Every structure is written in structure tokens, then in C-alpha cells.
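Residue numbers for the sequence shown, in mature numbering (1 follows the signal peptide of the UniProt record, and there is no 0): -30 to -1, 1 to 320.
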Amino acid sequence: MFKPARFFRPLAALAMTGLGLSLLATPAHAEKRTLVLSAYPISQPLFNKLVYAPFKEKCGCEIVVETGNNADRIAKLDARRNNPVVDLVLLSDFGMLEAARKGLVQPLDYAKLKNYSQIYPFARNPIGGNYAVGYTIYSVGLVYRSDKTRAPQSWKDLWSPELKGRLALPDVSTTQGPLALQMADLAWGGKGGDYGTGMQKILSIKNNVVTFTKNSAQLSSLFAQDEIWVAPVARFTWSQLMKTGMPLKWAIPAEGQAAGMNVMGIVAKSKNADLAYQLMDFWLSKEVQTALAMELVDSPVNTQVVLPKDKAEFNTYGGEHIASLKFVKPEDLLKYRSGWLEQWNKGISK
């Protein structure tokens, strides 16, 4: 008697086995997910070595990096808001606030960041609304030629007659410009906010200033050529200034130091928000923050980082240094920066 089951069962089993193998094989042939990061162009080879490469190995994904300044990258986010390309964006704190106000980034769930509790309080929710987390800070103190002038005790010392023709200040259009404006306002008893007092005081000594610098390379040249003796300097350029061979020292004035912060946020409608959270948390880890600080790429916000003296000197790091920091409120910078530029251009051109 014919029994079809004897013939069909092996075929059915073979078909099911083939299906099983097909299902098992599918992930192996699937394309890797790609996380797109928007970042500053500076130090990208070191970021690749210390952050991107180890994270790609950890997540099994790819990373594509778009670079540019704050304004250009925010404009790109805005142009692609309905179909975003970028997942994770790195901006200044005020740049991120601008992006948040335009609806370009989404509120964060800090519970997804296991390293969140290890970072400084000022790096947690730094712009309000849960839109960002700080990943690095920098101070702006006063650097001086120790063989030419005494250590500045106050930001007011920049107005000393002995520094006439030996002083450099940052242009207000630069990142450091508003920070120096803040410290001038604080030193001369201003009320804060629009830093009107600081603006007036800086413009009053414009003829004492060799140049209003636009970048750190200018500062290195001015010190190296013995043109200036004192200038406000961002800590991340300190190691470059030391290469001039000049007897330069760092001073923390009585009013403290201006401070800036760069932050991370996840783009609204990101297709890879889960990977963005993972990279964000990886970036905030003690291990990655230590590696970046040791290579003098970024000063750490993770409080667990311990640096040797020779590396600590070139980072915004340590109890005294951190306690001296004075941050410009991101909302003030957005509110007043166009007015500052207008006052500056009129005042400098007179």
C-alpha cells in the first residue's frame, strides 16, 4: 500500500531545515547599522582612535562623521529636519540651546546613561529641558610673560598702563570673546545679563590692545614674537603656547576664570537614537574621558578621572581650577550676541 508520508516527511524536514538555515544566515548578511555624528573638525584623527574605533568594535556598527562650525551644522539640521541624517550632534552649550529652541533635538532620558551620575553637576542638563549633556569643559584664564610683568591678580589688571601695547584680547565674535566680556563685566561691577559694563571697559582700552585675536594660532605668534605679555587664553591651547619656549605662566584671577562647555544631544526623529545613547554613554565613561584628557584632546567632565601632574597642567582639571569656573548662561549669549557684535563693530571702528 502506498504511504506518501514516507516520502514527504523527509522533504518537509529538509525544507524546514533550509528555512532554519536561511533565518540563521540572514543577520550575518545584513548591513551594519550606521550612526551619523555631527561634530567639530578639530582633533578628528584622535577622536577616531580613542572614541569611534573602540565604539564601532563594541557596537558592531559604523560611524559617519560630518564636521563644521556651530552655525553651519545647525543650518544643516534645520534643512533636513523632516528627514534627518544626523543622529548625535556635538555643539557648544548655546548652540545646542538654539537647536533645541528650533525643535532640532529631542529631550533625553538620562536614565539610559549609566555614567550620568559620574559627571559634574554643571554638565548635567546644562541648557535645561533635558536636551543635552556636557562632555567637555574649558577654562579661559590669563597667561602672562613672567619675565616681563607680574602675575595678574584680577581681570582689572588688564587695564594697567604698563600693559599698553602689550595686550591681546579675543574678538567678541569668537567663542572666547563673550567669556572675556563676562569676566570684564564681573571685575568692574557690572550687573550681568548684557555685560554692558564689560563692553564699555574693553572698548575703553582698544588702543592698548595689539590685536583682537580670532584664533589660537595668532596668540602663539604674538607671544613667540615678543609682541604681547598678557592675554586671556583657553586652556585647550595652553600646551601649544608652551611650545613657543617663552617663560609663560597661567594665572587664575581673584574673580575666577571664564568657562565654556561643549555638549551632546540626540537629533529629533533620529533613526538610531538607541545607538546615539550608547555612544553618548561610552563617551562619558571614565575610560574614554581619561584617554581624551591624556592626549590633551578634551578636558574631562567625569569626576572619576585621575590625571598625572604633567597632563593635569594642560587640562581644565582639579579642585581649584573647577571651583574657579564662571559659565556664561547660554540663554544670555543667544539673547545678546547680535547686540554685542553691533556695539563691538561700532566701538572698534571709532
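We put the beta carbon where it would ideally sit given N, CA and C, even for glycine.
Just so it is clear, the structure is predicted and the values come from calculations on it, not from any experiment.
Given residue i, which residues of its chain have a CB within under 6 Å of its CB, disregarding the five upstream and five downstream residues?
i	result
Q259	P270, N272 and V275
F206	Y108
L(-7)	Because L(-7) sits at a pLDDT of 38, beneath the cut-off of 50, its placement in the model cannot be relied upon, and the following sentence gives the value as read from the coordinates. Answer for L(-7): no residue qualifies.
T119	W199
F284	W208, S209 and L266
residue 364	Residue 364 lies beyond the range of the chain shown here (-30 to 320); nothing can be said about it.
Y80	Y86
T183	A138, P140 and L189
K28	none
Using a Cβ-Cβ cut-off of 8 Å (strictly less than) and excluding sequence neighbours within five positions of residue i, which residues of its own chain qualify?
i	result
P77	G99, N100 and Y101
A(-3)	Note that A(-3) scores a pLDDT of 47, beneath 50, so its modelled location is shaky and nothing firm can be said.
A263	S269, P270, V275, L277, K281, N285 and Y287
P(-27)	The predicted model places P(-27) with a pLDDT of 41, which falls under 50 and marks its position as unreliable; any figure quoted below should be read in that light. Nothing listed; no residue qualifies.
L83	V103, Y247, M250, D251 and L254
K316	none
P122	L112, Y114, L128, V200, A221 and P223
Q14	V35 and T37
L20	V258, A261, L262, E265 and V267
E132	T119
residue 321	Shown here, the chain extends from -30 to 320; a query on residue 321 therefore has no answer.
Would you give the residue range spanned by the alpha helix (DSSP H) that residue i belongs to?
i	result
P223	Per DSSP, P223 belongs to no alpha helix (DSSP H) and is neither H nor E.
P24	A23 to C29
S308	P300 to S319
T167	G166 to S174
V6	First-last for V6: T4 to A9, but that is the beta strand (DSSP E), not the alpha helix (DSSP H).
T119	Looking at the DSSP string, T119 is not in any alpha helix (DSSP H), and its letter there is neither H nor E.
A154	Q146 to A157
Y247	A243 to L254
P15	Q14 to F17
G65	D63 to R71
Quick one, which of the options has its alpha-carbon nearest residue i's?
i	options	result
residue 327	G30, P140, I172 and S174	Absent from the model: residue 327. The displayed extent of the chain is -30 to 320, so no value can be given.
I33	G289, M250, I97 and K72	M250
I89	G73, I175, W253 and A194	W253
L47	D117, I236, L133 and L266	I236
Y10	K26, A246, Y22 and E36	E36
M153	D63, K213, R3 and E225	E225
G289	L277, A69 and G135	L277
V110	V203, K316 and W208	V203
W125	H291, Y86 and A221	A221
A187	K213, G166, Y165 and S174	K213
V298	Y165, A69 and G135	Y165
P223	K256, M234 and A293	A293
M234	A23, K316 and A93	A93
I318	L16, F25, T181 and E132	T181
N18	H291, K279, K320 and A261	A261
G135	N95, D196, H291 and P24	D196
L218	K26, D117, F25 and T106	D117
I'd like the span of the beta strand (DSSP E) that includes residue i, first residue to last.
i	result
A229	Q227 to V237
K296	L295 to F297
F206	Note, F206: premise wrong, no beta strand (DSSP E); not H, not E.
S186	Careful: S186 lies outside any beta strand (DSSP E), inside the alpha helix (DSSP H) at S186 to A194.
T273	Note, T273: premise wrong, no beta strand (DSSP E); not H, not E.
F182	V179 to T183
G111	V103 to R115
V55	First-last for V55: undefined, no H or E at that position.
V35	E32 to T37
L277	Counting along the chain, L277 falls outside any beta strand (DSSP E), and DSSP gives it neither H nor E.
L137	L137 to P140
Is it true that the CB of residue j sits closer than 8 Å to the CB of residue i?
i	j	result
L61	N232	yes
D302	G104	no
R51	S8	no
W314	V179	no
K296	Q227	yes
L189	A138	yes
L74	A229	no
D57	A243	yes
S174	P54	no
V59	A69	yes
Ordered along the chain, which non-local residues of its own chain (more than five positions away) have a Cβ less than 7 Å from that of residue i?
i	result
M216	R115, F193 and A194
C31	K2, R3, T4, L5 and L245
G65	N40 and I44
G168	L151, Q152, A154, D155, W158 and G160
L311	V142 and S143
Y22	I33
K72	D48
(request) Assess, as a yes-or-no matter, whether the segment 141 to 159 is touched by the segment 303 to 313 under the definition of 3 or more beta carbon pairs within less than 8 Å. (result) yes
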